[in-house]
Amino acid sequence: MKTRREFHKLVAATAVGLAAPAIPGSRAFAEDKPIRIGASVSLTGPLASTKNGLIGYELWRDDVNAAGGLLGRKVELVTYDDQSSAANVPAIYSKLIDVDACDVLFSPYGANLSAPVMPFIKQRDLFMIGMFGLAGNDVARHDKFFHSGPWGPNSGRDWARGFFDLAKAQGVTKIAIINADLEFSKNAAKGGAEVAKEYGMDVVFNQSYPPNTTDFSSIIRNINAADPEAIFIASYPADSTAIIRGIKEIGISDKVKLFGGAMIGPQYGALLSSLGPELNGIVNSHTFVPEPTMQTPAIKGFFSRYTPIAVEQGVDPLGFYIPPFYYVAGQLAEAAIKGSNSVDPAKMAEYLHANEVDTIAGKIGFNEIGDWKERRVLMVQLRGIKGNDLEQFRNPGHQVILDPPSLKTGDLAGPYNAARAG
Amino acid sequence: MRRNSTLFLAGIVIVLALGFLMPWVLKNPFYFFVGYIVLQYVTVATGWNILGGYAGYINFGAAGFFGAGVYLSAFLFTTFGLPLPVCILAAAIVGAILGVLMGYLTLRIQGIYFAIATLGLVVVLETLVHNISALGGASGMAVYGPRPPAWSPGPSQYNFTVMLVIAVASVALARFVEISWIGRGLRAVRASEDAAECSGVPTLRLKLLACALSGAVLAAAGAPYPFYTSFVEPVTAFSLIIGLNAIAMPLIGGTKSWAGPVLGALLLASVQQIATVTISSELNILFVGLVLIAFVAFAPGGLSSLVGRKQRRSVA
Amino acid sequence: MMFSIDILLNAIVTGILLGSVYAALALGLAITFGILHIPNIAHPTLVVAGAFFVYTLCQWGLDPVVAALIGLVPFYILGVALYLFYSGVFEQRGGANVLQSLTLFFGLSLVIEILLSLGFGSELKSVSVSYIGSSLKLGLLTIPYRLLIPALLGPLMIAAVWLYLSRTSAGTAIRAVAHEERALSIAGLDPASVKRHAFGIATATAVVAGAALIMVGPIEPFAGRYQIGRVFAIVVLAGMGSIPGSLVIAITIGIAEALVSSYLNPSWSPGVAFAILLIGLAGRPQGLFGGAR
């Protein structure tokens, strides 16, 4: 068949073109074959603001290779652009394993893009580090999956518990919850509602909205009509912006003590810059802020190298939220490989389950499905933001840590309307 | 016709035999992973062409039928544990019903209005699926597929073979429609619906039949998808690229006969699979856009008409 | 859901405002598709391109409305160029069939989207003007200026175009060209130049609609996709060629979406425009206002 031959030629050309001598089925190579780490990164599409994570991967790879590689072998990164689309993910990861012969996988960014990969790694029994995929392993329960993010156990329900702990301490009894209709934000809202009920709070309003909603007037009016004392929001950068602007336009009751929670966006330099003082007062989740309780020489060193590269590439020059944990992913893989002295998934997983790893984000220990033993998600309150300059965020005091208590650097300034003024 | 039919049948047998044997010769499952998508588009393009090419009714909503097939199949498998062939059949039946429904709603209007109305179908279906929590809603549904039977070495290969059978069946169906009285009637409708109606061609019934067959094939193309990706969510299942390819592939290959969609699908899908992972994704879309414009401008009958033209010229 | 009067009033007002913006988006298509019968499915993408044009000028400190006015001439020229391309492609064959025209414009919209994406990146872009962010308070109503100003652009532009089409001879020629090409050429007018002019006007409206769009909310290169459905629904339901009709339908759709969003669930609003379209087409295929075709 002419077309069948053509097809085979095309596929063969692809395989060769990628310089991956993948002998189907067997892998009997000499020790100097590099160790390959495969991942997809969202270089384009709505999640393209997460591509600065790649700098984290690359800094780690350079550090490891400068120190002689792993097991005497050089470390190579194989990455593809998933275009922020879940549809592209299965093919990319299939390729990483079957054509590029990767030894370790890093997941795509976030729950939405990682969900398609979980059944695949479980069926093929592969080792993978999860990148910001909330509760990603709760259903698959794969024993060779490890989170690089500080979500903690039962993350689906508990990762944002800090927000509700703060609400409880303020005596909040009525809470409103809204979320974007996507995997992560839906899970966050669902978990939030469960925790609220557990704390005896009344969820007076609970609604999800389509992902590309730009006008929140009716939702905000409905929230006001429900008269809550705290508002928990699980949103993405576009909607986060629209919601904050909408609140400014329509106004909100003085009764609201806490506003924010799981809004993605205010962690990124782009939104910190464009919204500036409008962000004052929100209490939102974060993974790293330059407050005294979190600064270590290791992480300071990371940022001093990250920033010039980010500026050159035109990505977020602050890079607090994502890049450090991409570096951590590398450190986890490094620990697993060195610790088990192999690239065998079972041995690597066994090592990580049994040992703590020291990383730039602190010491990490894992439970049986790869969650961090202890939740270290921050709830920070944005304060004292003046103007749109980004450099102010490098100083402490603008993103005050309210939770967890072990890292706390300040108390809640409320109610929200007062905190909004600065 | 007789001789052609025998040749066609022989061709089918060879293709199927190769399809069943290949997995044991080529060890790397990745070939079959990619091959599945190509075959899926062969089916999609063929199904679309029954209504779009034969009858001339441009369906912008191919993704709606495809997504319906995906979700029905996923739902039946995870909730009732029904075996794969049953899921596929069920998807085809539901696709046919959806097709007839769409036909009733929109076929009284011709041409461009029909095309726009079909676009609406995708949005309505996607919104529906989004809001039904039993189908997983926005977060999607994980599907742990069935174990491949003994005659197939692995899940990718098994899915590939299943898709091959569906593709072959669809092409055979399209060819049957083309050479039968149905095809003749549809061609009359495409040429001039009023004239056909006046000549006694039962236009409405034929159009509804074409809608049903087209819908069934499109849904069947989506039925094995949940087992292929192990995960379904509305944005992928109803994705724009499916609707786009459903139109682009027959346009490129030729809309008049069953061979056109097959040719267009084999070419365009293969190129897209390579491009998606090797070049920038955006340049991939740019490429498809430019190709579409080029074909519409210079080869509106598709590749098969170009070949036909060359043959005629060499004879004359 | 709380049935308070102020939620209802605000929802209706928001719906009217959003509907006016939708009408601005649909105007260009009402001209090209409604009057000229050219299915310019790339129009929403042209609106997005207009929005990016306005965004670029706003980066240099201009007000979006001023930027839109500046953009009228370049976009008119773009429209003329597009029409020349379209007619050039199909001229040799003496006209295009549905699939071919739709595909051509589909391809064009993809190319434009990618060029925008390569040029501006795929992240959201917005404009910030002094009046965006504050609201007008009228009793029970709170009207954000972000919606009010763009919503005024829509009807103003529609009124201007409608007056042009009905009062001037050039406008009358445009309205006639789709049906009476022969009569036109007998009268000494060149149908091709009339169509060119109309296409240019339609594309010029895209830059104003783009300004309205980017004032309402941030946009990204592929934002046109979400508007295709609404825009076609408006033009088709209004009846081909009825420009005032498109304003009425657009506002109706805006109100319907706002009410669904307030009282049911925002997740259902993407489907509203299409549901209305499908029902409308099933009931009255020639549209509610326009001439039969």
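So the sequence lines, in the order shown, correspond to chains A, B and C.
Start counting the first sequence at 16; every next residue gets the next number (the numbering used here).
Start counting the second sequence at 18; every next residue gets the next number (the numbering used here).
Start counting the third sequence at 448; every next residue gets the next number (the numbering used here).
Idealized CB from N, CA, C, for every residue including glycine.
Mind checking if residue i is an interface residue toward chain C, Cβ cutoff 8 Å exclusive?
{"i": "residue 65 of chain A", "result": "no"}
{"i": "residue 233 of chain A", "result": "yes"}
{"i": "residue 240 of chain A", "result": "yes"}
{"i": "residue 311 of chain A", "result": "no"}
{"i": "residue 220 of chain B", "result": "no"}
Compute the Euclidean distance between the alpha carbons of residue i and residue j, then round it to the nearest angstrom.
{"i": "residue 337 of chain A", "j": "residue 200 of chain A", "result": "17 Å"}
{"i": "residue 314 of chain A", "j": "residue 378 of chain A", "result": "13 Å"}
{"i": "residue 513 of chain C", "j": "residue 495 of chain C", "result": "17 Å"}
{"i": "residue 389 of chain A", "j": "residue 162 of chain A", "result": "12 Å"}
{"i": "residue 457 of chain C", "j": "residue 680 of chain C", "result": "24 Å"}
{"i": "residue 212 of chain A", "j": "residue 255 of chain B", "result": "36 Å"}
{"i": "residue 135 of chain B", "j": "residue 78 of chain B", "result": "5 Å"}
{"i": "residue 193 of chain B", "j": "residue 187 of chain B", "result": "10 Å"}
{"i": "residue 154 of chain B", "j": "residue 265 of chain A", "result": "31 Å"}
{"i": "residue 75 of chain B", "j": "residue 66 of chain B", "result": "9 Å"}
{"i": "residue 197 of chain B", "j": "residue 238 of chain B", "result": "23 Å"}
{"i": "residue 129 of chain A", "j": "residue 586 of chain C", "result": "49 Å"}
{"i": "residue 308 of chain B", "j": "residue 526 of chain C", "result": "22 Å"}
{"i": "residue 212 of chain B", "j": "residue 626 of chain C", "result": "22 Å"}
{"i": "residue 32 of chain B", "j": "residue 44 of chain B", "result": "19 Å"}
{"i": "residue 427 of chain A", "j": "residue 396 of chain A", "result": "7 Å"}
{"i": "residue 54 of chain B", "j": "residue 227 of chain A", "result": "29 Å"}
{"i": "residue 563 of chain C", "j": "residue 328 of chain A", "result": "19 Å"}
{"i": "residue 108 of chain A", "j": "residue 132 of chain A", "result": "7 Å"}
{"i": "residue 695 of chain C", "j": "residue 506 of chain C", "result": "34 Å"}
{"i": "residue 334 of chain B", "j": "residue 147 of chain B", "result": "Residue 334 of chain B is absent from the structure shown; chain B starts at 18 and stops at 333."}
Is residue i close to chain A, meaning its C-beta is less than 8 Å from at least one C-beta of that chain?
{"i": "residue 50 of chain B", "result": "yes"}
{"i": "residue 719 of chain C", "result": "no"}
{"i": "residue 574 of chain C", "result": "no"}
{"i": "residue 558 of chain C", "result": "no"}
{"i": "residue 628 of chain C", "result": "no"}
{"i": "residue 274 of chain B", "result": "no"}
Where do the N-terminal and C-terminal ends of the alpha helix (DSSP H) with residue i fall, by residue?
{"i": "residue 428 of chain A", "result": "Neither: residue 428 of chain A is in no alpha helix (DSSP H) and is coded neither H nor E."}
{"i": "residue 457 of chain C", "result": "452-476"}
{"i": "residue 206 of chain B", "result": "198-208"}
{"i": "residue 645 of chain C", "result": "638-663"}
Spell out whether any CB of chain B is found under 8 Å from the CB atom of residue i.
{"i": "residue 624 of chain C", "result": "no"}
{"i": "residue 109 of chain A", "result": "yes"}
{"i": "residue 418 of chain A", "result": "no"}
{"i": "residue 160 of chain A", "result": "no"}
{"i": "residue 676 of chain C", "result": "yes"}
In the DSSP assignment, find the beta strand (DSSP E) that holds residue i and state where it starts and stops.
{"i": "residue 374 of chain A", "result": "372-374"}
{"i": "residue 161 of chain A", "result": "160-162"}
{"i": "residue 123 of chain A", "result": "119-124"}
{"i": "residue 301 of chain A", "result": "298-301"}
Cβ of residue i within 7 Å of any heavy atom in the ligand FMN?
{"i": "residue 160 of chain B", "result": "In terms of ligand content, the structure shown is empty, and the ligand FMN therefore cannot be addressed."}
Under 8 Å between C-beta atoms, does residue i make it to chain D?
{"i": "residue 328 of chain A", "result": "Among the protein chains of the structure shown, namely A, B and C, there is no chain D."}
**Q.** chain C contacts made by the stretch 147-169 of chain B, where a contact means CB separation under 7 Å
**A.** 147 and 148
(Q) Please identify, using Cβ separations under 8 Å, the residues of the stretch 45-64 of chain A that lie next to chain C, in order along the chain. (A) 59, 60, 61, 63 and 64
Q: Output the residue ranges of the alpha helix (DSSP H) runs that lie fully inside the stretch 88-133 of chain B and measure 4 residues or longer, sorted by chain position.
A: 101-123
Q) Going along the stretch 228-253 of chain B in order, which residues come within less than 8 Å of chain A, judged by CB to CB distance? A) 245, 246, 247, 248, 250, 252 and 253
Q. Just by C-beta distance, which residues in the stretch 139-156 of chain A are closer than 8 Å to chain B?
A. 154 and 155
Q: Compile a chain-ordered list of the residues in the stretch 180-204 of chain A whose CB is closer than 8 Å to at least one CB of chain B.
A: 196, 197, 198, 201 and 202
Q | Within 9 Å of chain C by C-beta, residues of the stretch 244-268 of chain A in sequence order | A | 252, 253, 256, 257, 260, 261, 263, 264, 265 and 266
**Q.** Sequence ranges, alpha helix (DSSP H) only - wholly within the stretch 666-702 of chain C, length at least 4
**A.** 671-685
Q | Segments of 4+ residues assigned as alpha helix (DSSP H) that fall wholly inside the stretch 228-311 of chain B | A | 242-246, 251-254, 257-270 and 276-295
Q.
Quick check on the DSSP output: what are the complete alpha helix (DSSP H) runs of length 4 or more inside the stretch 205-292 of chain A, in order along the chain?
A. 232-241, 252-265 and 284-290
**Q.** Where the stretch 26-54 of chain B meets chain A: residues whose CB sits under 8 Å from a CB there
**A.** 31, 32, 35, 43, 44, 45, 46, 47, 48, 50, 51, 52 and 54
Q | chain B contacts made by the stretch 101-128 of chain A, where a contact means CB separation under 9 Å | A | 101, 102, 103, 104, 105, 106, 107, 109, 110, 112, 113, 114, 126 and 127
Q: With 8 Å as the limit, tell me which residues of the stretch 505-531 of chain C have their beta carbon closer than that to any beta carbon of chain B; keep them in chain order.
A: none
Q. Closer than 8 Å, Cβ to any Cβ of chain A: which residues of the stretch 699-712 of chain C, in chain order?
A. 705, 708, 709 and 712
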